[in-house]
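Participant:
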Amino acid sequence: MAAVPASSALGSPAKGANVKPVPTKDGRAALSPDEALDLLIAGNAQFLRNELKTPDISAARRLALAQGQAPFCAYVSCSDSRVPPELLFGRGLGELFIVRNAGNTVDVVAMGSIEYAVAELGVPLVVVLGHEACGAVKAAMSVVANNARFPGAIDNMIEPIIPAVLEARNLAGDPVENAVKQNVRRVVEVLRKESDPIMLKPQQEGRLKVVGAYYHLDTGRVDFFDRAS
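When the letters of the sequence shown are read in order and numbered with this note's numbering, they come out as residues 358 to 586.
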């Protein structure tokens, strides 16, 4: 999982491709946090219009990536098969460093992965994405409402979501959407206030932004509803 060497040239997109990889400098994505976020917003807008462009998946691009990577975003997403980050934003190989699990929670493994993306790969943006009708959140809601139990490790997996469910119980609107968004907010807050300098220092210096988002399965729209940092 090494970064792209400074001397590595990604080159032009292959014939038929019309999405260039993001520019790099010293082996890292040469984007500000806001520029990285704008790329995602623009890509999702194209997705909604059915105008997604073709990323470069050529042999030359794969060869360049074999030497290292320079993603511009670390993406904390649910494992749900209906939520494919690269497709939602029209991005290509080596651009999104994706951390996925049911319920988009952050345990030790996920935190270490995010910190690696920030400290070693230099990503300027971390996005935490929840989605409509999340099964993990629904399971946590059933624990709160009905004292439900689940087999295997599922109980332990959804345990971190329960505080968000409790906090969202009295909010107006759709209960599942409220709980999903509150779960995203809690994860975002952890990442923004993580005491380790790996996460805190680049945020204080304006080199890193952590934002929360919500994906509508029925329309394909991604709302970046928690953008302050």
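Where a beta carbon is used, it is the ideal one built from N, C-alpha and C, also for glycine.
Could you give the distance in angstroms between the alpha-carbon of residue 393 and the alpha-carbon of residue 584?
Facilitator: 13 Å
Participant: Beta strand (DSSP E) containing residue 475: first to last residue?
Facilitator: That residue, residue 475, is in no beta strand (DSSP E); its alpha helix (DSSP H) goes 465 to 476.
Participant: Just to confirm before moving on: does the CB-CB distance between residue 440 and residue 574 stay below 9 Å?
Facilitator: Cβ distance < 9 Å, so residue 440 and residue 574 count as in contact.
Participant: Got a sec? Which residues, its chain only, sit under 8 Å from residue 553 by beta carbon, not counting five neighbours each side?
Facilitator: Close CB contacts of residue 553 within its chain, under the 8 Å cut and outside five residues either way in sequence, are with 472 (chain order).
Participant: Among the candidates 571, 563, 400, whose CA atom is the shortest distance from the CA of residue 480?
Facilitator: Comparing Cα positions, the closest option is 563.
Participant: In or out: residue 561 buried (at least 16 other Cβ within 10 Å) or exposed?
Facilitator: exposed
Participant: Identify every residue that forms a DSSP beta bridge with residue 580.
Facilitator: DSSP, once it has assigned bridges, lists 571 as partnering residue 580.
Participant: Could you say which of 443, 452, 445, 502 lies nearest to residue 388 if we only look at CA atoms?
Facilitator: 452
Participant: Considering only the beta carbon of each residue, do residue 509 and residue 435 sit closer than 9 Å?
Facilitator: no
Participant: Under three-state DSSP, which class holds residue 552?
Facilitator: coil
Participant: If you follow the beta strand (DSSP E) that residue 507 is in, where does it begin and where does it stop?
Facilitator: Neither: residue 507 is in no beta strand (DSSP E) and is coded neither H nor E.
Participant: Tell me whether residue 454 sits in a helix, a strand or coil according to DSSP, three-state version.
Facilitator: strand
Participant: By a C-beta neighbour count over all protein chains shown, 10 Å radius and 16 as the cutoff for buried, is residue 503 buried or exposed?
Facilitator: When all chains shown are included, residue 503 counts as exposed.
Participant: Pop quiz: residue 497 and residue 518 are said to be a contact at Cβ under 8 Å. What is the actual Cβ separation, rounded to whole angstroms?
Facilitator: Right, their Cβ atoms sit about 4 Å apart.
Participant: Under the three-state reduction of DSSP, which class applies to residue 496: helix, strand or coil?
Facilitator: helix
Participant: Drop a sphere of 10 angstroms on the beta-carbon of residue 534, count the other beta-carbons inside from all chains shown, and report buried for 16 or more, exposed for fewer.
Facilitator: buried
Participant: Can you grab the Cα-Cα spacing for the pair residue 566 / residue 420, in whole Å?
Facilitator: Roughly 30 Å between the two C-alpha positions.
Participant: Is residue 412 helix, strand or coil when you go by DSSP?
Facilitator: strand
Participant: Thinking C-beta only, is residue 541 closer than 9 Å to residue 577?
Facilitator: no
Participant: Please classify residue 487: does DSSP put it in a helix, a strand, or coil?
Facilitator: strand
Participant: Leaving aside the five residues before and after residue 521 along the sequence, list all residues of the same chain whose C-beta is less than 7 Å from its C-beta, in chain order.
Facilitator: 536, 539, 540, 543
Participant: Nearest by alpha-carbon distance to residue 412: which of 579, 395, 405, 450 is it?
Facilitator: 450
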